[in-house]
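**Q** In this text, residue positions in the sequence shown follow the UniProt record's numbering: the first is 1, and each later residue adds one.
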Amino acid sequence: MFESLTERFDRVLRKITGRGLLSEAQVDETLREIRVALLEADVNLDVVKSFTEQLRTRLKGAEVKEGLTPPQTVLKEVFDEVVHLLGDQKANLQLSSKPPTVIMLMGLQGSGKTTTAAKLAYHFRQSGRRVLLVASDLARLAAVEQLKVLGEQINVPVVGPEEGVSNPRDMFPKVRKKWIEGMHEVVILDTAGRLSIDQNLMKELSDLRELYKPKEALLVLDAMTGQESVHVAKAFDETIGIDGVIFTKLDGDARGGAILSIRSVMGKPIKFVGVGEKIDKLEPFHPDRMASRIIG
Ligand code: GDP
């Protein structure tokens, strides 16, 4: 994950030598290299600009602390600024005061939505909660089957459509009945995706959002798609409204640009990250841990 970005940061920091405060030339050189590293990782240009300006302010005022060398001081400043860029604090999932908590997952086809729905269900089951999965991706019958298979593996019931139902709105009464009868505390809704954003999909998702009134409407994004996922997030937020994002496929060779850009561009938190195909490969997102992984 983020190998080239991590390598770059390492190289930048190793160039800093000497014992006193950084000279202005050293600050300029360091910032220039960091700018290139971030652009290469596909970070949004505006984000790169504001990041390097904030870092300049930090580095100019930085005092080399007792026991730290100048490179370690710079490392600490870069680390703190990356944590800030990633949202500072861990953003927890909001739970409804009156159960069930409905979580709606949205995203483009292939982003990892269905897998993430099952991973989230598993996550809640592990903490002893009664979970219900809803397969409302009726555009792709294979998606309903896929969720049913995953639900069986983790012992979580899955509600699918009745014969002949093609609009996921029509499933709502059955789903509601099921969650009342089963006293479910968490209901996770898998929705339809498309290869690209289209108006019919947006309308379907807006309708579902209105109907289910989810506590969390989360967008699932493939970390490998870089900047493109930031555009996707903007479109979903403008038309439907999202409360946060989940990045998948961080175990692949994503460059890191999307993850580093999203919070600053959208103002929405990253809540979880997918780090593998298996059901337990979903982690709550911790800005400081992610910053450590990026900086190395
Ligand atoms: P959907 O079309 O958005 O519902 O996507 P799927 O859930 O079917 O996932 C598409 C592919 O991505 C599948 O092969 C998943 O196994 C894979 N996938 C999902 N999340 C992750 C992840 O975090 N890491 C890896 N390596 N693969 C993932």
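Where is the CB? At the ideal position from N, CA and C, for every residue including glycine.
1. Which of the three DSSP states is assigned to LEU282 in this structure?
2. Identify whether GLU145 lies in helix, strand or coil by the three-state DSSP scheme.
3. Please report the residue range of the beta strand (DSSP E) in which GLU216 lies.
4. At a cut-off of 6 Å, would you count GLY276 as near the ligand GDP, judging by its Cβ distance to the nearest heavy atom?
5. Between which two residues does the alpha helix (DSSP H) harbouring LYS119 extend?
6. For ALA254, collect the residues of the same chain with a Cβ closer than 6 Å to its Cβ; drop the 5 residues on either side in sequence, then sort them by chain order.
7. For PRO269 and LYS203, I'd like the C-alpha separation in whole angstroms.
8. Start and end of the beta strand (DSSP E) containing THR248?
9. On the DSSP letters alone, give me the boundaries of the alpha helix (DSSP H) that SER4 sits inside.
10. Kindly identify the DSSP beta-bridge partner or partners of MET106.
11. Does the Cβ of LYS113 lie closer than 6 Å to at least one heavy atom of the ligand GDP?
12. Give me the residue from VAL159, LEU221, LYS90 and PRO157 with the minimum Cα distance to HIS286.
13. Cα separation between GLN109 and LEU195?
14. From the DSSP output, in three-state form, read off ALA135 for me.
15. Please go through the same chain and pick out, in chain order, the residues whose beta-carbon is closer than 7 Å to the beta-carbon of PHE124, but skip the five residues on each side of it.
16. What are the boundary residues of the beta strand (DSSP E) that includes ILE188?
**A** Looking at the atomic coordinates:
1. The sequence position of residue 282 within the sequence shown is 282, counting from 1. Three-state DSSP puts LEU282 in a strand.
2. Taking the first residue of the sequence shown as position 1, residue 145 is located at position 145. Reduced to three states, the DSSP call for GLU145 is helix.
3. Position 216 of the sequence shown, counted from the first residue, corresponds to residue 216. GLU216 -> beta strand (DSSP E) spans 216 to 222.
4. On the sequence shown, residue 276 is found 276 positions in, with the first residue counted as 1. Yes, the beta carbon of GLY276 sits closer than 6 Å to at least one heavy atom of the ligand GDP.
5. Numbered from its first residue, the sequence shown carries residue 119 at position 119. It spans 113 to 126 - the alpha helix (DSSP H) in which LYS119 sits, taken as one unbroken run.
6. As a working note, residue 254 is residue 254 in the sequence shown. Taken in chain order, the residues that qualify are ALA223 and MET224.
7. On the sequence shown, residue 269 is found 269 positions in, with the first residue counted as 1. On the sequence shown, residue 203 is found 203 positions in, with the first residue counted as 1. As the crow flies, the alpha-carbon of PRO269 is around 24 Å from that of LYS203.
8. On the sequence shown, position 248 is the one that residue 248 refers to. Residues 244 to 248.
9. On the sequence shown, position 4 is the one that residue 4 refers to. SER4 -> alpha helix (DSSP H) spans 3 to 14.
10. For this step, residue 106 is matched to residue 106 along the sequence shown. MET106 is bridged to LEU219.
11. On the sequence shown, position 113 is the one that residue 113 refers to. LYS113: yes, Cβ under 6 Å from the ligand GDP.
12. Residue numbering aside, residue 286 sits at position 286 when the sequence shown is read from its first letter. If we check each option's Cα against that of HIS286, LYS90 comes out closest.
13. Along the sequence shown, one-based indexing puts residue 109 at 109. Along the sequence shown, one-based indexing puts residue 195 at 195. Roughly 5 Å between the two C-alpha positions.
14. Residue numbering aside, residue 135 sits at position 135 when the sequence shown is read from its first letter. ALA135 falls in the strand class under three-state DSSP.
15. Locating residue 124 in the sequence shown gives position 124, counting from the first residue. So the list reads VAL131 and VAL186, once near-sequence residues are dropped.
16. Reading the sequence shown from its first residue, position 188 is the one you call residue 188. That run of the beta strand (DSSP E) goes 186 to 191.
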